[in-house]
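> The opening position of the sequence shown corresponds to residue 4 in the numbering used here, with each subsequent residue numbered one higher.
Glycine residues also receive a C-beta, built at the ideal position from the N, C-alpha and C atoms.
I am attaching a structure below and will ask some questions about it afterwards.
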Amino acid sequence: MDLSQLTPKLKSGDIIFTSIPNVLYQAIEQATQSPTSHVGLVLNIKGQWMVAESRVPLSCYTPLEAFIHRSKNHWFSVKRLPQTLSASEIATMQQYCEQHLNEWYGLGFNYDSDKQFCSKFVFDAYRTALHVDIGQLKTFEQLLTENPNTPLLFWKLWFLGCIPWHRQTITPQSMYLDPKLLDVA
4 MDLSQLTPKL KSGDIIFTSI PNVLYQAIEQ ATQSPTSHVG LVLNIKGQWM
54 VAESRVPLSC YTPLEAFIHR SKNHWFSVKR LPQTLSASEI ATMQQYCEQH
104 LNEWYGLGFN YDSDKQFCSK FVFDAYRTAL HVDIGQLKTF EQLLTENPNT
154 PLLFWKLWFL GCIPWHRQTI TPQSMYLDPK LLDVA
């Protein structure tokens with residue numbers, strides 16, 4: 004689906020998933036057995052479709068086309084809750100995003116940290132605006148034992164020799180598979 008087919012289907016508050024083609028994000032896909040390694044929140048800002056996202060180095064707004072263009076083979080998936088979000092809910096979500104722009108990306112994927120990462124950014128926007136959790140918080144132990152074929156060497160190296168087994172995180176895959184969401188594109 005190209006952008007001209009996608010934009011008429013979009014609504015503010017939609018969640019967009021992509022696949023980032025670099026070593027770290029491909030390792031995330033492998034560890035979570037998922038087609039997605041990145042997630043953002045779609046918002047219509049002054050008539051332009053933007054994606055609020057946490058990315059290296061800082062959280063920001065990215066034009067929708069640029070967000071999709073960064074994805075491997077331009078793959079994306081858009082999902083949403085079945086109910087239409089109210090103007091107030093969208094405003095609260097956008098306010099959350101604006102309050103958390105220009106925050107540093109947390110490469111340790113620690114949900115309890117002050118730093119952001121993509122799925123935490125979207126998870127918290129929904130939790131704040133709608134009091135709804137999209138996806139499920141899990142420890143690294145839960146994540147990495149759910150897929151026993153995950154090569155742990157990468158994660159041991161990533162975490163400088165010691166995987167933080169009890170650290171809570173949220174993954175794009177957990178959000179992608181949330182049964183509360185409906186497929187849009």
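Figure out for me which residue from P38, C100, K14 has the closest Cα to the Cα of A128.
Stepping through the sequence shown from its first residue, residue 128 is reached at position 125. The shortest Cα separation from A128 among P38, C100, K14 belongs to C100.
> For I18, which option in P24, R83, K183, A30 has the closest C-alpha, if you only look at C-alpha atoms?
Residue mapping note: residue 18 aligns to position 15 of the sequence shown, counting from 1. If we check each option's Cα against that of I18, R83 comes out closest.
> Please give me, in chain order, every unbroken run of the beta strand (DSSP E) with length at least 3 that falls completely inside the region 19-92.
41-48, 51-56, 63-66, 79-83
> Our contact map puts T39 next to S80 with C-beta atoms below 8 Å; I'd like the distance itself, whole angstroms only.
As a position in the sequence shown, residue 39 is number 36, starting the count at 1. As a position in the sequence shown, residue 80 is number 77, starting the count at 1. Indeed, because the Cβ distance is near 7 Å, the residues count as touching under 8 Å.
> Quick test of the definition: if touching needs 3 or more C-beta pairs under 8 Å, does the region 102-119 touch the region 67-78?
no
> Going by the CB atoms, is the gap between S122 and I173 shorter than 8 Å?
To locate residue 173, count along the sequence shown from 1; it is residue 170. To locate residue 122, count along the sequence shown from 1; it is residue 119. Yes. Within cutoff.
> Using DSSP with H/G/I as helix, E/B as strand and the rest coil, what is K123?
Counting from 1 along the sequence shown, the entry for residue 123 is found at position 120. Helix.
> Tell me which same chain residues have a C-beta within less than 7 Å of the C-beta of D181, skipping the five on either side of it?
By one-based count along the sequence shown, residue 181 stands at place 178. Once the five neighbours on either side are set aside, the close Cβ partners of D181 are I137, G138.
> What residue does the alpha helix (DSSP H) around P175 start on, and which one ends it?
For the purposes of this step, residue 175 is taken as the residue at position 172 of the sequence shown. Residues 175-179.
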